[in-house]
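Read the structure below first, then the notes.
There are 2 protein chains.
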Amino acid sequence: MPQLRLALAQVNPCVGDLPGNTDLVVHWTREAAQAGAHVVVFPEMVVTGYPVEDLVLRVSFAHASRRALDGLAGRLADAGCADVAAVVGYVDADAAGVRNAVAVLHGGAVVARQYKHHLPNYGVFDEQRYFLPGDALTIVRLHGVDVGMVICEDIWQDGGPIAALGRAGVDLIVSPNASPYEANKDDVRLPLVGRRAREAGAPIAYVNQTGGQDELVFDGDSMVVGRDGELLARAPQFVDHLMVVDLELTGAPERVAGRVGEFDVRRTIVSDRPVPAYEPLRFPGVVEPLSDAAEVWSALVTGLRDYVHKNGFRTVVLGLSGGIDSAVAAALAVDALGADAVYGVSMPSNYSSAHSRSDAAESAERTGMHFEVRPIADMVDVFVTQLGLTGIAEENVQARCRGVTLMGLSNQHGHLVLATGNKTELAVGYSTIYGDAVGGFAPIKDVPKTLVWELARWRNAEADKRGERPPIPENSISKPPSAELRPDQLDTDSLPPYGLLDAVLDGYIEGDRGFQDLVELGFSPELVTRVLRMVDAAEYKRRQYPPGTKTTLKAFGRDRRLPITNAWREGAS
Amino acid sequence: MPQLRLALAQVNPCVGDLPGNTDLVVHWTREAAQAGAHVVVFPEMVVTGYPVEDLVLRVSFAHASRRALDGLAGRLADAGCADVAAVVGYVDADAAGVRNAVAVLHGGAVVARQYKHHLPNYGVFDEQRYFLPGDALTIVRLHGVDVGMVICEDIWQDGGPIAALGRAGVDLIVSPNASPYEANKDDVRLPLVGRRAREAGAPIAYVNQTGGQDELVFDGDSMVVGRDGELLARAPQFVDHLMVVDLELTGAPERVAGRVGEFDVRRTIVSDRPVPAYEPLRFPGVVEPLSDAAEVWSALVTGLRDYVHKNGFRTVVLGLSGGIDSAVAAALAVDALGADAVYGVSMPSNYSSAHSRSDAAESAERTGMHFEVRPIADMVDVFVTQLGLTGIAEENVQARCRGVTLMGLSNQHGHLVLATGNKTELAVGYSTIYGDAVGGFAPIKDVPKTLVWELARWRNAEADKRGERPPIPENSISKPPSAELRPDQLDTDSLPPYGLLDAVLDGYIEGDRGFQDLVELGFSPELVTRVLRMVDAAEYKRRQYPPGTKTTLKAFGRDRRLPITNAWREGAS
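These protein sequences, in sequence, are chains A and B.
Quick note, the first sequence lines up with residues 1 to 573 if you use the numbering used here.
Quick note, the second sequence lines up with residues 1 to 573 if you use the numbering used here.
Below, the structure is given as structure tokens:
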């Protein structure tokens with residue numbers, strides 16, 4: 001049986017950093033060569049990063065991507081990797097237009113190119129805005145092994161390019177991806193890749209990138225699945241990793257070129273000579289997926305870390321209210337950046353309770369971050385007195401004086417401000433625009449309140465397990481939540497209980513369910529109406545909220561695009 | 001020659017307001033019937049408003065649109081309009097999916113449906129995210145006249161549905177549109193519609209909606225073009241209007257059904273009996289298009305008026321600095337809402353010049369809006385002293401105290417806050433986030449600084465012509481612009497001269513030109529590098545800026561989608 005040593009390079013490129021990303025390809029191809037690999041597979045668009053959005057519409061950028069790819073072939077040969085076939089994602093541009101592409105680099109040249117067929121245009125994806133679809137399938141023979149290539153979305157299509165590769169005859173399929181994390185997506189990917197391998201009658205090597213890009217996080221989770229769909233190897237989630245796997249390939253029953261279904265199949269022979277058989281086969285094993293909570297926590301840490309670092313910041317500042325949201329955001333920041341890069345500020349007003357001050361201090365003390373107290377009473381007093389503010393106007397001015405304080409410290413000391421709001425709050429508009437909504441990044445923006453509590457308990461338990469001090473004050477977890485903008489205020493004065501609220505929001509936002517549907521799920525019509533009105537009315541606030549890591553099926557932002565001016569009200573009928 | 005009286009209903013629906021929008025259809029169909037029209041044509045998706053964005057993904061909404069359309073047929077008959085064929089845009093939904101559709105309502109029933117073929121997925125449009133494309137062309141015979149229908153983008157396609165209708169044979173084509181305004185678009189539309197009419201060998205009635213929807217404004221500009229491409233009638237821009245036109249129809253040389261090119265052509269006969277010949281023919285004439293400045297001004301007034309009113313506000317508040325931007329924004333607000341609905345606030349700091357105060361007062365006095373002075377020195381002082389702010393941090397805190405002041409007045413009195421920044425400022429990040437960037441709407445967000453001056457001069461000259469007092473203080477127009485955040489500060493301390501700056505920005509933003517391209521246009525490499533760096537670095541600020549009316553080819557927001565995390569830097573090579 002023919003053999004092949006395959007390396008899956010699960011790496012973290014940065015959008016737009018063509019020199020840095022091509023360096024990454026050279027570095028990891030060299031590592032793959034040293035490990036004796038014959039083929040190394042990189043993620044989708046690794047040369048440009050993903051998603052590059054409208055950068056691709058700028059001709060100078062698209063051409064630079066193509067040039068960078070062409071230059072890579074020579075660089076790899078110069079680096080002594082001429083014998084390794086590197087499968088590298090990039091943006092291709094010629095007179096006909098721009099394409100999402102991968103190329104096979106070998107012996108100092110580009111020996112094959114493959115364009116993406118299915119261009120996702122839903123959720124966070126706008127690929128039909130940018131790319132022409134491919135209409136051909138390229139099969140490359142390496143050491144006598146026929147290798148087909150499919151890019152990301154192409155693997156999600158029943159009876160699509162993979163089925164056609166199966167009919168044409170391939171020994172192996174490699175699939176470069178930039179597949180953003182969302183909760184439980186790993187549970188969907190594995191059976192999908194297995195099904196496709198069976199459809200093609202060939203093993204599939206699935207490579208996904210790591211790292212954060214604005215609101216998206218990529219979880220890696222690269223894997224190799226055998227022709228019968230069985231999992232042969234799986235890489236760890238969220239970490240850069242080169243997974244090296246030896247494959248024994250059964251071989252396709254026939255090998256066709258020309259028209260197969262809607263595709264034009266082209267075959268390129270790079271090398272017909274089989275690799276010498278070797279033993280024992282290298283088999284990296286299957287890394288167990290993270291638990292649900294660990295997975296979300298890792299995504300949040302990755303998203304925050306990469307937003308801060310890739311945007312040139314080293315430190316962050318955030319308000320510590322003593323509540324659960326800011327305590328969790330602070331713990332995440334310390335995990336992402338280290339305690340020395342995190343500055344917590346307690347900003348008590350006249351309505352702040354004693355426990356809010358002591359819980360804030362305890363949060364800082366437990367994590368080891370910097371801490372200072374900046375009372376806002378004097379600022380608030382001038383605004384309230386001079387402008388004659390009362391009621392909501394007076395409540396909001398407190399939040400806004402905190403916002404101005406954090407921005408002042410940011411401007412003075414160069415910290416990035418973190419907004420600490422959660423998804424539930426953002427959904428129902430329970431936040432003050434230009435107040436607690438101030439920030440360059442919002443780490444838990446896409447985490448529902450009930451999950452914030454769950455993550456806090458999980459993170460503390462993890463610390464206990466490791467014999468470390470739990471980072472989140474017990475009292476921040478257990479006390480009833482309050483915005484503390486007026487005396488004895490509680491969140492439940494304005495909102496339904498969070499368990500119930502999150503369940504309705506999950507149906508309305510994640511599930512896009514209407515009124516009738518939600519009532520049929522068992523929620524009272526009054527509750528549904530009340531919650532949906534709050535969500536609809538808060539769209540303008542969400543539009544000005546900072547970006548934050550997507551973790552759910554449908555994050556606010558590019559994932560859920562609703563008009564602000566919108567008279568549609570869900571109701572009976 | 002067969003005759004037909006056609007009514008073009010150029011109306012202003014509201015997104016999501018299904019009851020209000022169907023009322024609009026009933027009202028204007030009744031008017032059309034009273035004018036003796038045989039056919040009345042409404043804009044694209046008039047039942048739902050446009051664009052509805054992700055509302056369409058909610059099954060309850062898509063079904064409600066279909067139900068509203070089906071209900072309209074009966075309502076029109078009940079209103080005595082059974083004999084008028086109403087061509088009504090809506091969202092169609094069935095088991096197969098969701099479509100951008102128009103229906104012909106006649107005699108109390110839906111007698112035909114037409115789906116949109118070409119789904120725009122560029123600029124502000126995401127229609128491939130939502131809709132299935134049509135594959136059939138429906139031709140309806142009304143009084144012996146064969147009428148074809150094409151929706152918006154379909155009219156922009158060479159050799160598309162219109163060419164196919166021409167080959168199949170039609171006497172008349174009606175085209176419902178929701179075509180957003182941008183400068184000079186009217187100059188493109190007329191030759192386009194003329195070319196299509198010649199391609200089809202049939203007259204075209206082009207109907208576009210009016211009004212504002214978030215960042216978009218629709219300018220109407222409905223027209224009828226003869227089979228030789230000559231303009232027969234043109235409606236006024238930006239105003240709701242029913243244009244009634246009598247047509248004499250030459251008739252197609254042949255009439256085919258079945259397969260024509262890629263389309264399945266279906267013919268429906270509603271009535272074969274010609275209308276009795278009448279004279280004289282009704283001919284509404286051709287309204288001259290507005291001047292360039294008048295057109296932009298009207299778009300800005302419309303966008304601001306509809307954002308405020310459709311979102312349930314009656315009054316607005318804005319900061320008056322004495323500068324050109326706030327003076328123009330104030331004049332726009334007064335034109336849009338009336339002087340009594342506009343509240344101007346002068347918020348001098350220690351660095352504010354005497355003329356900034358007097359020019360602000362004069363702006364209020366000239367327009368008749370409400371005016372008050374709220375000095376910010378005390379607020380600024382507390383922040384600066386307690387937080388030890390210096391330099392940029394001290395400059396920004398002034399802008400932020402103004403932001404908190406405006407939001408306090410907004411919360412206390414229920415005004416919508418207007419942000420007064422222009423496109424140039426937003427492009428290069430010459431504004432303070434959470435400071436002067438505070439607001440629910442930003443009326444001149446998409447107006448370059450040089451055009452702000454031009455509009456100011458034009459608006460004042462218009463007032464002179466009408467014998468009214470010019471609304472914008474002469475000194476606000478003529479003095480050198482300054483942010484006044486430190487002593488003797490001028491914009492030119494930080495920025496290139498505005499004429500030069502706007503020229504580079506036009507190339508980089510509107511034209512998507514890269515470094516090399518801009519240098520070849522004659523700009524110095526240093527200038528290009530400096531401006532492009534400023535634009536790239538300000539993406540995070542733009543992301544949190546309020547919405548404002550699109551007037552250029554490429555507005556910030558959904559029209560130009562760039563990553564915040566972005567290491568790509570345009571440069572030589």
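For each residue, glycine too, the CB sits at the ideal point set by N, CA and C.
Neighbours of B/Glu570 in chain A, taken as residues whose beta carbon is under 7 Å from its own, are Ser60 in chain order. In terms of Cβ geometry, B/Pro133 and B/Cys152 do not form a close pair [threshold 9 Å]. Going by C-alpha positions, A/Thr450 is about 11 Å away from A/Asp506. In this structure, the alpha-carbon of B/Asp246 lies about 48 Å from that of B/Leu318. The beta carbon of A/Leu451 sits no closer than 9 Å to any beta carbon of chain B. Listed along chain B, the residues sitting closer than 7 Å to A/Glu53 by beta-carbon distance are Arg561, Leu562, Pro563. One finds nothing in chain A with a Cβ atom closer than 9 Å to the Cβ of B/Asp70; even the nearest lies about 14 Å away.
Taking 9 Å as the threshold, the shortest C-beta distance from A/Asn121 to chain B falls below it. Contact between B/Val296 and B/Leu455 holds: their C-beta atoms lie close to 6 Å from each other, under 8 Å. Chain-order list of chain B residues neighbouring A/Gly20: Ala567, by C-beta distance under 9 Å. Residues of chain A with a Cβ closer than 7 Å to the Cβ of B/Val15 are, in chain order, Pro563, Thr565, Asn566, Ala567. For the region 422–447 of chain A, the set of positions with a beta-carbon nearer than 7 Å to some beta-carbon of chain B reads Tyr434, Val438, Gly440 in chain order.
Within the model, the alpha-carbon separation for B/Gly20 versus B/Arg5 is close to 26 Å. Taking the Cα of B/Pro448 as reference, the smallest distance to any Cα among B/Gly435, B/Asn460, B/Val438, B/Tyr430 is reached at B/Tyr430. Taking a 10 Å sphere around the C-beta of B/Phe61, we find 16 or more other C-beta atoms and assign the residue as buried. When C-alpha distances from A/Gly71 are compared across A/Arg259, A/Gly107, A/Gly439, the shortest belongs to A/Gly107. Bridge pairing for A/Ala9: A/Leu242 [DSSP]. In the DSSP annotation of this structure, the continuous segment of the beta strand (DSSP E) that includes A/His106 starts and ends at 97–106. Around B/Arg189, the same chain offers no residue with a beta carbon nearer than 6 Å, after the five sequence neighbours per side are excluded. Non-local C-beta neighbours of B/Gln128 in its own chain, meaning closer than 6 Å and more than five positions away in sequence, comprise Leu119, Asn121, ordered along the chain. In the DSSP assignment, the residues bridged to A/Asp92 are A/Arg99. For B/Glu372, the enclosing beta strand (DSSP E) begins and ends at 370–373. 9 Å or more divides the Cβ of B/Leu8 from the Cβ of B/Val140.
Against chain A, a Cβ distance below 7 Å from B/Gly408 picks out Phe383, Leu387, Leu389, Ala393, Val397. Looking at the DSSP output, B/Pro280 shares a beta bridge with no other residue. When DSSP states are grouped into helix, strand and coil, A/Asn311 belongs to the coil group. With a 10 Å radius around the Cβ and a threshold of 16 neighbouring Cβ atoms, A/Arg558 comes out buried. Under the 9 Å criterion on CB atoms, B/Val404 is classed as interfacial with respect to chain A. For A/Arg374, the nearest CB of chain B lies under 9 Å from its own CB, placing it at the interface with that chain. When DSSP states are grouped into helix, strand and coil, B/Asp559 belongs to the coil group. Looking at B/Pro547, B/Arg30, B/Pro43, the one whose alpha-carbon comes closest to that of B/Val308 is B/Pro547. Note: B/Ile173 is bridge-paired with B/Gly148, B/Ile204 in the DSSP secondary-structure output. The beta carbon of B/Leu57 sits closer than 9 Å to some beta carbon of chain A. Asp306, Tyr307, Lys310, Asn311: these are the residues of the region 291–314 of chain B whose beta carbon lies less than 9 Å from some beta carbon of chain A, given in chain order. In this model, A/Ala341 and A/Gly16 are separated by some 26 Å (Cα to Cα).
The Cβ atoms of A/Gly439 and A/Leu387 do not sit closer than 9 Å to each other.
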